[in-house]
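In the UniProt record's numbering, the protein residues as written are 1 to 326.
So this is what it looks like as structure tokens:
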């Protein structure tokens with residue numbers, strides 16, 4: 001943030017830093033509700049998602065958390081490519097594993113809820129809260145294992161290879177990493193026979209929260225930090241320091257970080273540096289292929305020197321360096 005502003009500008013920026021996150025978060029959820037009530041829920045939700053994205057882009061220019069994170073890092077096209085691939089795959093997977101089977105079940109059997117494990121008699125908002133807690137358990141452990149197990153880290157490292165956080169690299173996930181998280185978070189809901197609206201809402205909350213947590217916007221969310229995954233908490237998750245980066249694994253609500261002792265919320269707004277110890281490929285297809293070869297995995301883990309024209313170095317991370325040396 002700029003620190004040489006006029007007092008009125010400073011007061012206005014401070015006030016905006018207090019209110020913009022809850023306004024966009026709950027406003028986007030309201031938009032999602034309207035989308036899901038329409039005849040084309042996924043289409044209109046994508047419109048809401050795009051509007052949220054554009055609002056965050058504007059705020060990043062108006063009141064950035066870190067000015068240096070506005071500088072080009074050469075990864076924008078790669079970030080967009082990974083976002084389109086993972087988001088498209090996720091929506092296709094939801095259609096294949098949730099929407100289509102539920103539609104078929106509706107056509108082939110009576111609406112008999114007697115055998116359902118899911119509490120369909122609850123109000124929808126209560127069902128969604130329950131689903132978020134259950135799904136978050138899968139998200140938490142898939143995320144934590146991706147940090148603590150070197151095999152899974154080779155896929156997740158792509159996300160942590162960024163040296164800045166901004167809205168465009170929200171979806172910078174390897175598609176395998178994304179599919180693992182989705183499977184572990186949604187499988188329990190499917191086994192419990194959760195209805196389609198619950199799946200849609202869990203997906204919506206996760207998508208909306210993801211955009212907001214990665215943004216480079218000055219925020220003051222002290223009231224929300226203990227409950228929700230906020231930008232501040234996620235910045236510390238991207239820290240280069242082991243005791244800082246191995247924290248805040250939850251992606252929507254922080255319940256399991258509290259339970260398992262990995263919640264971190266320092267007074268400082270963000271860590272000094274981000275990144276990993278290894279090297280990632282410089283091109284989109286190379287980044288997708290890299291984890292599947294032994295050589296590529298060693299590059300990601302920082303265990304092999306390769307020509308500069310084949311990989312792109314990123315900031316050194318003490319956290320991953322110590323893990324890779326284990």
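All residues carry an ideal CB built from backbone N, CA and C; glycine is no exception.
Values in this document were obtained by computation on a predicted structure and should not be read as measured data.
Taking the Cα of residue 26 as reference, the smallest distance to any Cα among 235, 176, 206 is reached at 206. Per DSSP, the unbroken alpha helix (DSSP H) holding residue 207 starts and ends at 196 to 213. Secondary structure in the UniProt domain "Fatty acid hydroxylase" (128 to 262): the alpha helix (DSSP H) runs of 4 residues or longer, each lying completely within the stretch, are 150 to 160, 175 to 191, 196 to 213, 231 to 237, 242 to 245, 255 to 260 in chain order. Secondary structure note for residue 295: its alpha helix (DSSP H) is the uninterrupted segment 294 to 300. Sixteen is the threshold: when 16 or more other Cβ atoms of the shown chains lie within 10 Å of the Cβ of residue 213, as they do, the residue is buried. Of the candidates 23, 189, 218, 28, the residue whose Cα lies closest to the Cα of residue 10 is 218. Shortest Cα-Cα distance from residue 288 to any of 78, 46, 55, 70 involves 78.
Here the C-alpha atom of residue 153 lies approximately 27 angstroms from the C-alpha atom of residue 70. Residue 229 and residue 54 have their alpha carbons spaced roughly 20 angstroms apart.
Apart from sequence neighbours up to five positions away, the residues of its chain that approach residue 290 with a beta-carbon distance below 7 angstroms are 280, 281, 296, 299, 300, ordered along the chain.
For residue 281, the enclosing beta strand (DSSP E) has its first and last residue at 279 to 281. Within the same chain, Cβ atoms closer than 8 angstroms to the Cβ of residue 167 are found at 53, 56, 57, 60, 211, 214, 215, 216, the five residues on either side in sequence being excluded. Per DSSP, the beta bridge partners of residue 274 are 239. Per DSSP, the unbroken alpha helix (DSSP H) holding residue 42 starts and ends at 41 to 62.
In the three-state reduction of the DSSP assignment, residue 68 falls in the helix class.
By the Cβ-count criterion, residue 293 is exposed, with fewer than 16 other Cβ atoms from all chains shown falling within 10 Å of its own Cβ.
Residue 120 sits in coil when the DSSP states are folded into three classes, being neither helix nor strand. DSSP places residue 286 within a helical segment (H, G or I) once states are collapsed to three. The C-alpha of residue 74 lies about 32 angstroms from the C-alpha of residue 253.
If you draw a straight line from the Cα of residue 42 to the Cα of residue 131, it is about 19 angstroms long. The segment 229 to 240 makes no contact with the segment 118 to 131; the number of CB pairs closer than 8 angstroms stays below 3.
Between residue 245 and residue 159, the CB-CB gap reaches or exceeds 9 angstroms. The beta carbon of residue 142 sits closer than 6 angstroms to the beta carbons of 180, 181, 184 from its chain, once the five residues preceding and following it are set aside; these are given in chain order. Distances from the alpha-carbon of residue 46 to those of 145, 208, 165, 147 put 208 closest. Around residue 270, the same chain offers 235 as residues with beta carbons nearer than 6 angstroms, after the five sequence neighbours per side are excluded. Going by beta carbons, residue 164 and residue 262 fall outside the 9 angstroms limit. As the crow flies, the alpha-carbon of residue 204 is around 30 angstroms from that of residue 68.
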